[in-house]
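Quick note: the sequence shown uses numbering that gives the first Met the number 0, first residue 0, plus one each step.
Worksheet for the structure shown next.
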Amino acid sequence: MTDSPKCPKCENQDFEMAVVEPGNWRFKVMFVQCTKCKTVVGTMDYFNLSTLIHELNEKISNIETSLQEIEYEIGRLKKGTSA
Ligand SMILES: [Zn+2]
């Protein structure tokens, strides 16, 4: 049991996530807090960064595919006009 994370204040081993939008911040933040005394033991980005990066990656590769198609079409059109 010594390896289980526990609250530094009350030694409770149950934690919960709380979404907070601090006044001046543009982004929401997730706090990991003790379910008993609400002591914050950690923070996380509201958005899952790895998911976000994965989604961006897919969008970029879609754009790259579209660009290649456009380049192909332009090349085809150029050939068409010169012929
Ligand atoms: Zn606690």
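For each residue, glycine too, the CB sits at the ideal point set by N, CA and C.
| query | result |
| --- | --- |
| Sub-8 Å separation of Thr38 and Lys8 beta-carbons | yes |
| Other residues of its chain near Asn11: CB distance less than 6 Å, five sequence neighbours each side excluded | Cys33 and Lys35 |
| Alpha-carbon to alpha-carbon, Gly41 and Leu48 | 16 Å |
| Near ligand 1: Thr38 beta-carbon under 7 Å from a heavy atom | yes |
| Cα-Cα separation, Asp13 to Ile69 | 55 Å |
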